[in-house]
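Novice: In our numbering, the protein residues as written are 36 to 370.
I am attaching a structure below and will ask some questions about it afterwards.
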Amino acid sequence: ASGCLALIELRTGSIRGAHAHLSGARSAAAAAGGADALSTVPMRLAEIALAIEHGAGDGLHARLSELLAETAGTEYAPLALAELAVAHESDDEVMDVLQELQLAIREWETPNLPRMLHDDLRIWLLVERHEAVAARAEIARIEPDPAHTRCPATWSARLLLDAGEPAQAIELVSPCLGMGDEHSPRTATLAMLVAASAHALLGDRRSADALFKQALTLTAPTGSIRPFGMLPRRQLAHLLSRAVHWPHPPAVERMIAAIAARYPSGHDDAPAILSVRERVVLSRLLEGDTQQRISFELSVSPNTIKTQVRSIYRKLGVSTRDGALQRARSLGLLD
């Protein structure tokens with residue numbers, strides 16, 4: 036039961052509470068001695084979930100594979116699949132696991148926590164892949180609660196960063212920041228980070244630094260670095276480069292080092308090298324021209340345009356026209 040509570044605390048906002056319940060679960064398991072393996076699944080899932088939150092990935096896939104084998108056909112299987120999706124680094128692998136998770140969820144009557152995990156992971160993935168239209172559709176399905184344990188406003192504001200609209204992002208998360216301690220700590224961190232990034236983009240360094248420091252201070256007691264991975268790498272690197280020059284308590288210093296190691300700069304925001312012709316094709320795509328029309332106007336074969344479009348999407352790390360638009364804006368490829 037304590038293991039289940041740890042998972043719920045983690046996913047609804049309190050990592051500190053998750054650690055406390057996990058400690059209780061470990062004590063109960065030790066006292067029980069011969070407890071069967073299935074009864075300790077929630078505790079072991081909570082251990083893995085918290086390890087992922089702290090940026091530790093070594094050996095997690097092997098542990099999750101064991102749990103998937105143990106929980107096959109039980110109500111714990113969707114939870115094990117959800118943590119496997121979080122642990123994966125490859126977008127394609129995450130998508131495969133999410134599809135498997137969706138099928139597993141259908142077998143149970145009220146799979147609230149697994150469904151929440153599935154939806155949150157899918158939004159995270161779509162945002163990372165710059166598929167804004169699909170991400171907005173998923174965000175629209177979120178039912179807000181009084182504590183904002185799931186915060187559609189923050190995710191929508193994050194999309195506005197990619198769209199080059201930081202002022203609107205700040206306006207969107209301002210009510211969340213105004214809630215103070217009434218806001219779920221987990222999503223409050225995301226709101227602070229989005230606002231910090233938006234202020235930095237507007238040249239307001241004082242506000243950006245204050246918000247980023249607040250996010251570091253909030254997460255330092257638990258060591259949770261995963262929320263910082265939501266920001267575009269270039270913007271995260273900029274905020275970190277300024278933070279290293281401030282005086283910090285040791286716990287915050289460790290956080291900064293862990294974030295920098297887990298999310299190195301330049302990974303997803305390195306300027307894409309597009310050829311002159313690819314830039315022409317990209318600009319036509321973003322103006323709304325079809326590939327057939329571009330082919331006709333540039334006097335090349337449709338297959339040539341298809342090949343160039345695939346190359347553009349690959350270089351930009353997207354899979355849709357909308358994703359290309361958002362990505363091109365964030366990289367400064369559009370006039």
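We treat Cβ as the ideally placed atom computed from N, Cα and C, and that holds for glycine.
Please tell me whether L195 and Q203 are closer than 7 Å, where the distance is taken between their beta carbons.
Specialist: On the sequence shown, residue 195 is found 160 positions in, with the first residue counted as 1. On the sequence shown, residue 203 is found 168 positions in, with the first residue counted as 1. The answer is yes: Cβ separation under 7 Å.
Novice: At which residues does the alpha helix (DSSP H) containing M265 begin and terminate?
Specialist: Looking up residue 265 in the sequence shown gives position 230. Premise fails: M265 is in no alpha helix (DSSP H) and is neither H nor E.
Novice: Which of the three DSSP states is assigned to Q361 in this structure?
Specialist: Position 326 of the sequence shown, counted from the start, is the residue given in the question as residue 361. Three-state result, Q361: helix.
Novice: Pick helix, strand or coil for P256, following the three-state DSSP scheme.
Specialist: As a position in the sequence shown, residue 256 is number 221, starting the count at 1. Three-state DSSP puts P256 in coil, outside helix and strand.
Novice: Under DSSP, the alpha helix (DSSP H) around C39 begins and ends at which residues?
Specialist: In the sequence shown, residue 39 corresponds to position 4, counting from 1. Residues 37 to 47.
Novice: Whole angstroms is fine: what's the gap from A72's alpha carbon to A363's?
Specialist: By one-based count along the sequence shown, residue 72 stands at place 37. By one-based count along the sequence shown, residue 363 stands at place 328. One C-alpha to the other measures close to 50 Å.
Novice: Would the region 250 to 262 count as touching the region 276 to 295 if we require 3 or more Cβ pairs under 8 Å?
Specialist: Output reads yes: the region 276 to 295 touches the region 250 to 262.
Novice: With a threshold of 7 Å on Cβ separation, who are the neighbours of L161 within its own chain once the five nearest residues in sequence on each side are excluded?
Specialist: In the sequence shown, residue 161 corresponds to position 126, counting from 1. Cβ within range, chain order: A169, A170, E173.
Novice: Apart from the five residues just before and just after R356, which ones in its own chain have a Cβ nearer than 8 Å to its Cβ?
Specialist: Looking up residue 356 in the sequence shown gives position 321. Around R356: L320, L321.
Novice: Is it the case that the Cβ atoms of L207 and A192 are separated by a distance below 7 Å?
Specialist: Locating residue 207 in the sequence shown gives position 172, where the first residue counts as 1. Locating residue 192 in the sequence shown gives position 157, where the first residue counts as 1. Cβ distance < 7 Å, so L207 and A192 count as in contact.
Novice: Please list the terminal residues of the continuous alpha helix (DSSP H) segment that includes M214.
Specialist: On the sequence shown, residue 214 is found 179 positions in, with the first residue counted as 1. Per DSSP, M214 belongs to no alpha helix (DSSP H) and is neither H nor E.
Novice: When DSSP labels each residue in this structure, what does W190 get in the three-state scheme?
Specialist: Here residue 190 is taken as the residue at index 155 of the sequence shown, counted from 1. The answer is helix: DSSP assigns W190 an H, G or I state.
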